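Numbering (mature numbering (1 follows the signal peptide of the UniProt record, and there is no 0)), first residue to last: -20 to -1, 1 to 565.
Here's what the structure looks like:
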């Protein structure tokens, strides 16, 4: 049966699993080495005043188990029967409790707070802003205060939400099946139940804003046969050892070998990035999904679709310095060959994912009445052509195919420049971006995610993430822009994708100039500011390293550095120079 994720509760899968080796009988994930399930929760503290109990109630509301049983303990029996906890889930901060009235046996309090997010069905987080206000009425029942009136839905204080829920990504397929695309969800199940929940959500499909931009091999006709179990006794063919997980699918029909590999990639990367270890024993109607991996798949078997893969390590760091493109290496910095290295008028540049092509915005040095910038595209070593000229052109950004580069012209028009292989001919095509225009401000930055399914934009200083869709007419559209940086504090000036589900942003005039944003807007995390001198003007990033340019130099921040070494280090060769970091993408 399919697993629904409406209230992030776990459905019980139908029984009937396939045989495992005699040495290890199948055991449902949720029952291994667990004591009998106890649905009881702690009762409200006796004798406690209603204002304090209201704080306790809000904290208990972050536990969704058993239809928010922990929170229901604070309600009268009649109110518990009426309360629709699934109506909504609002995340707030800066909660104030205001006494409206109080007597010996009745009290009314108003809760006021800042709304920061909403948790939608399936664990989809949506960043919001505004005010939350609701009244909570209390009465005494057998000498203890209980809520006898409150609005439907739950509210959660942001710290309680972050401690009770975990963000895990489902992975769907990019339209050409070159990689997988994250779809972040917030789940509150225990670790041993998480595999069942995540695979159920995979079967349910991507969230609505992604549904037209990704593929899913686990369609509505697919279901799970029996419980998802531990795979103890299944020895990995690569010596991973005992353990892992076993999933038996049904409804795959005559699915091709290629499609089965893609399905496996979705499942494996979803589980692996939720810290659910392999090997992954995947079955179809109780037979191996693929005979080559009968004893279990590993992430190495689907490495070609690794969502964390990046070309930056092979192409290497570059920079714009003195209007030209230079390569930054251990031996120092050197101009790249040809046009890009010999130029002195480049304002911005980017390199294709494989390092064979480059694109740049160059000053035309024409009179002010004429276009001030030119969009040039060509080979890395300098066989270039001009795609267009305009007053303003944003930093170019490459699509996944490595032959198409995007930019925003004159603060509003999004274009794709397609370079024909062999001839080098450039064709400029407008991208339908009416949803972005409706935001009402100039577009000063656009960066495509490495999987090509999302675009991060700065519109009038605010940060948005939009979905890249491909309508039936063969064109491209930017749809469903969502603000992901409410409360950023100061305008964003530059951004780039760190990973497929995080964006790193440089903001104007702040003591903490660089922050990292979750793609769903659920988190805004400051990055260290040691060694940086305002203004910080540009950022470029990989999945392992962020690079920024400030008023003095180009700096790098390694993500895997020990906590004590988390500070920005000058990039050798770029200290004391007015340079801008350039990476593939």
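For glycine and all other residues, C-beta sits at the position ideal for the given N, C-alpha and C. Note that the structure is a prediction, hence the values are computed from the model and not measured.
Spatially closest choice to residue 325 from 300, 512, 81, by CA coordinates: 300
Contact check, residue 397 vs residue 376, beta carbons under 9 angstroms: yes
Nearest candidate by alpha-carbon position, reference residue 382, set 471, 484, 331, 34: 331
Rounded Cβ spacing between residue 426 and residue 374 (contact assumed at less than 8 angstroms): 6 angstroms
Coarse secondary structure for residue 294, derived from DSSP in three states: helix
Cα-Cα separation, residue 32 to residue 296: 57 angstroms
Distance between residue 491 and residue 464 (C-alpha atoms, nearest Å): 21 angstroms
Straight-line gap, residue 49 to residue 122 (C-alpha atoms, nearest Å): 20 angstroms
Residues bridged to residue 150 [DSSP beta-bridge criterion]: 163
Three-pair Cβ contact test at 8 angstroms for the segment 64 to 82 versus the segment 165 to 179: no
Touching by the beta-carbon criterion (3+ pairs, under 8 angstroms), the segment 470 to 483 and the segment 83 to 95: no
Residue 463 Cβ short of 8 angstroms to the ligand GTP heavy atom set: In the structure on display, the ligand GTP does not appear, and there are no ligands present to speak of.
Option nearest residue 206 by Cα separation, candidates 176, 395, 111, 165: 176
Limits of the beta strand (DSSP E) - the one that residue 644 falls within: With the chain covering only -20 through 565, there is no way to say anything about residue 644.
With 16 other Cβ atoms within 10 Å as the buried cut-off, status of residue 451: exposed
Given residue 105 as reference, the closest of 563, 544, 502 once Cα atoms are compared: 502
Contact set for residue 23: own chain, Cβ-Cβ below 7 angstroms, skip 5 residues either direction: 53
Cβ-based neighbour list, residue 133, same chain, cut-off 6 angstroms, excluding 5 preceding and 5 following: 67, 68
Meets three-Cβ-pair contact criterion under 8 angstroms: the segment 125 to 132 and the segment 439 to 449: no
C-beta atoms of residue 182 and residue 246 nearer than 9 angstroms: yes
Close beta carbons around residue 7, own chain, < 7 angstroms, minus the five adjacent residues each side: Bear in mind that the predicted position of residue 7 carries a pLDDT of just 33, short of 50, making it unreliable; the figure below should be weighed with that in mind. Closer than 7 angstroms at Cβ, skipping near neighbours: 209, 210.
Which of helix, strand or coil DSSP assigns to residue 240: helix
Sequence-distant residues of the same chain with beta carbon closer than 6 angstroms to residue 459, five excluded per side: 415, 447, 449
Span of the alpha helix (DSSP H) around residue 58: 57 to 62
Cβ neighbour criterion (16 or more within 10 Å) applied to residue 650: Residue coverage of the chain in this structure runs from -20 to 565, which leaves residue 650 outside it and unanswerable.
7 angstroms CB neighbourhood of residue 268 in its chain, flanking five on each side removed: 274
Test item: CB-CB of residue 484 and residue 507 under 9 angstroms: yes
Separation of residue 97 from residue 391, as counted between CA atoms: 29 angstroms
Straight-line Cα distance separating residue 102 from residue 142: 17 angstroms
Residues of its chain near residue 81, where Cβ-Cβ distance is below 6 angstroms and the 5 sequence neighbours each way are ignored: 88
Inter-residue Cα distance where the pair is residue 525 and residue 563: 11 angstroms
Contacts around residue 58, its chain only, beta-carbon distance under 8 angstroms, and the 5 residues preceding and following it disregarded: 128
Member of 112, 199, 403, 539 whose CA lies at the smallest distance from the CA of residue 137: 112
Which listed residue (262, 357, 436, 146) has its alpha carbon closest to that of residue 401: 357
Continuous beta strand (DSSP E) assignments of at least 3 residues falling wholly in the segment 308 to 378: 312 to 315, 326 to 331, 337 to 343, 353 to 359, 364 to 370
Three or more C-beta pairs below 8 angstroms linking the segment 190 to 197 and the segment 252 to 262: no
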